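The structure under discussion appears below in the form of structure tokens.
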Amino acid sequence: MKKLSARQQLHLEKSVLLLVLMLPLARIIFDYFQDSLGANPVEAMTHRTGDAALQILLLSLAVSPIQRYFRFRRAILFRRLLGLTAFFYGLLHFSIYLVFDQELSFGDTFADVAKRPYITMGFSSLVIMLPLAITSTDKMIKRLGGPKWRRLHKAVYAAAVLAVIHYWWLVKANITIPAIYGGCLALLFASRMIRQTRNLSRKNY
Ligand code: HEM
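Those letters in the sequence shown? Residues 14 to 218, by this note's numbering.
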């Protein structure tokens, strides 16, 4: 068999990752047609897409620590795909809410965003993710320049914090799962701070 070039190999790996990342969507579509989304299909779709968005967003933040602690240098090559997929699920999550809960009324949607604090948090998270998704192309990185692009993309932590608060505020009784997400995010943030402090002290010596 012909050996793949490095570029083809990467393309293949990214395609496999994309397929894996699309599994939550495939399951939703499958369950929808099987009529097995439960008594409230809209709620089930909202929850599943919200979970996928948050989990993949956290995974995208875990890329740098994975790269460092597991010496998996190539992990960085998959970060953009993870970030864009998280945004895709966030958008899908919002679209389900807009179409089924708000019946495509932008007026009611904005009134709800203003009225219910947990919706405000989710909406703000998605709004922050939008410019990050738009500026994720090579062309935009070049146009903005590395330092400016990196500064802008630090906002992904704000998007993740707001998404965790969104989840935390919507649960009525058991906060275990949002607390686990919050704990993971705190660890990821701490890891980033440690690296930044180390880099800074290396520069000073
Ligand atoms: C764009 C604005 C958003 C709106 C209007 C929105 C709305 C909602 C609604 C209505 C629910 C279900 C609440 C319930 O059942 O009581 C929900 C759940 C959830 N949302 Fe959002 N959301 C938004 C953005 C986001 C974003 C950006 C993320 C993640 C990055 C996210 C993650 C979640 C999670 C994890 C859940 C809970 C899922 C579960 O219970 O398993 N949401 N959201």
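Virtual Cβ for every residue (Gly too), placed ideally from N, Cα, C. Please read all numbers here as calculations on a predicted model, not as lab measurements.
Neighbourhood of residue i by C-beta, 7 angstroms cutoff - its chain only, sequence neighbours within 5 removed
{"i": "His166", "result": "Leu145"}
{"i": "Leu17", "result": "Leu25"}
{"i": "Phe202", "result": "Tyr170"}
8 angstroms Cβ cutoff met for residue i and residue j
{"i": "Leu71", "j": "Ala173", "result": "yes"}
{"i": "Ile132", "j": "Val55", "result": "no"}
{"i": "Trp182", "j": "Met134", "result": "yes"}
{"i": "Ser73", "j": "Ala99", "result": "yes"}
{"i": "Ile69", "j": "Tyr102", "result": "yes"}
{"i": "Leu111", "j": "Thr122", "result": "yes"}
Through-space distance from residue j to residue i, alpha-carbon basis
{"i": "Ser77", "j": "Ile89", "result": "7 angstroms"}
{"i": "Val169", "j": "Ile188", "result": "23 angstroms"}
{"i": "Ser149", "j": "Arg93", "result": "7 angstroms"}
{"i": "Leu157", "j": "Ala19", "result": "28 angstroms"}
{"i": "Leu67", "j": "Val177", "result": "8 angstroms"}
{"i": "Leu200", "j": "Phe83", "result": "16 angstroms"}
{"i": "Arg87", "j": "His106", "result": "30 angstroms"}
{"i": "Leu213", "j": "Asp151", "result": "27 angstroms"}
{"i": "Phe91", "j": "Glu116", "result": "36 angstroms"}
{"i": "Val9", "j": "Asn217", "result": "This structure cannot speak to residue 9, because the chain is shown only from 14 to 218."}
Spatial neighbours of residue i in its chain, beta-carbon cut-off 8 angstroms, leaving aside the 5 residues before and after
{"i": "Tyr45", "result": "Pro54, Met58"}
{"i": "Gly51", "result": "Ala57"}
{"i": "Pro37", "result": "Arg61, Thr62, Asp64, Ala65, Tyr102"}
Buried/exposed call for residue i, threshold 16 Cβ in 10 Å
{"i": "Arg61", "result": "buried"}
{"i": "His24", "result": "exposed"}
{"i": "Leu34", "result": "buried"}
{"i": "Leu175", "result": "buried"}
Contacts around residue i, its chain only, beta-carbon distance under 6 angstroms, and the 5 residues preceding and following it disregarded
{"i": "Gly63", "result": "His106"}
{"i": "Cys197", "result": "Leu71"}
{"i": "Gly195", "result": "Val177"}
{"i": "Tyr180", "result": "Pro191"}
Exercise for the section: Give me every residue whose Cβ sits closer than 6 angstroms to any heavy atom of the ligand HEM, in chain order. Expected result: Qualifying residues, in the order they occur: Glu56, Thr59, His60, Gly63, Asp64, Ala66, Leu67, Leu70, Gly103, His106, Phe107, Tyr110, Ile132, Gly135, Phe136, Ser138, Leu139, Ala176, His179, Tyr180, Leu183.
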